[in-house]
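This report concerns only the one structure given below.
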Amino acid sequence: SIIEDVQGNINGDYKELPLFLPRQECKDLLEYAEDTYQQVLKNPTAPSVTWESSTHIEEDFRFEVEPHVVEDLIGRDSLRRLYTAFAEFTDASNPKMVIRRTAIKGNKHICYHNDGDFAVMHVFLNGDDLDGGNLHYLTPQGAVSTGASTGTVLLHQNGIVHGISPFHGTRVILVVIAGTESQKTEL
């Protein structure tokens, strides 16, 4: 089964917080993400950006963002709300923040995988601009589809298996994570 293939947990936990982050704050984070992406395209060795270079940058660009930068963009209260929602969902500590910009060509998806034993928070920065791109969790009740609207927060932990439905466009999310490397498999 898929769950066994990716060493996932059928009883992993998830939570959806619709429209949690205001649209203007999502827009500000999105503009920052796009500016950073353009900066790295022009100068891939720019010392001011730490980005994961194991993927093709035009398809999957990920970079770490310091909490003070997020605070400057969305304000202290919103950053505190994000951290509080994360802390109330998990006992994982020392989370890091990453912005992920995914622009897969064609009608493709992100395969089912799990993110290890710790917690992950996805904040959808431009979900309303996409056709598709919902998260699907595999649970004891079967596959559960969640929203991807701008400002929606999804939290998951304990190795729950999930994937992203096919989408068109560029998907940009803020990820708060405290955990191990994920296990992936192609469908």
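Add 168 to a position in the sequence shown, counting from 1, and you land on the number used in my numbering.
C-beta: ideal position from N, C-alpha, C; glycine also.
Inset, instruction - May I ask you to report which of helix, strand or coil DSSP gives Gly164? - result: The structure shown does not extend to residue 164, since the chain is modelled only from 169 through 355, so no value can be given for it.
Inset, instruction - May I ask you to report which of helix, strand or coil DSSP gives Pro212? - result: coil
Inset, instruction - Specify, as a first and last residue, the run of the alpha helix (DSSP H) that Ile170 falls within. - result: Ile170 to Asp173
Inset, instruction - Measure the CB-CB distance between Arg191 and Arg230 and report whether it falls below 8 Å. - result: With respect to Arg230, Arg191 sits apart: the two C-beta atoms are not nearer than 8 Å.
Legend entry - Uninterrupted beta strand (DSSP E) stretches inside the stretch 245-297 (no shorter than 3 residues): Runs of the beta strand (DSSP E) inside the stretch 245-297: 264-270, 276-282 and 287-292.
Inset, instruction - Report yes if the CB atom of Asp259 is closer than 8 Å to the CB atom of Gly327, and no otherwise. - result: no
Legend entry - Cβ neighbours of Val288 in the same chain (closer than 6 Å, five flanking residues each side left out): These residues qualify, in order along the chain: His324 and Ile345.
Inset, instruction - Compute the Euclidean distance between the alpha carbons of Gly243 and Pro235, then round it to the nearest angstrom. - result: 11 Å
Inset, instruction - State the CB to CB distance for the pair Gly319 and Phe188, rounded to an integer number of angstroms; the pair is presumed to be in contact (CB under 8 Å). - result: 6 Å
Inset, instruction - Take Ile278 and list the residues in its own chain whose beta-carbon comes closer than 8 Å to its own, dropping the five residues that flank it on each side. - result: Thr270, Ile272, Gly331 and Ile332
Inset, instruction - Using a threshold of 8 Å, state whether the C-beta atoms of Leu185 and Ala253 are closer than that. - result: yes
Inset, instruction - With hydrogens ignored, establish whether the beta-carbon of Asn326 is closer than 7 Å to any heavy atom of the ligand FMN. - result: As far as ligands go, the structure on display features none, and thus does not contain the ligand FMN.
Inset, instruction - With a cut-off of 8 Å on the beta carbons, I'd call Ile170 and Leu306 a contact; round off their distance for me. - result: 7 Å
Legend entry - 8 Å Cβ cutoff met for Val208 and Glu232: no
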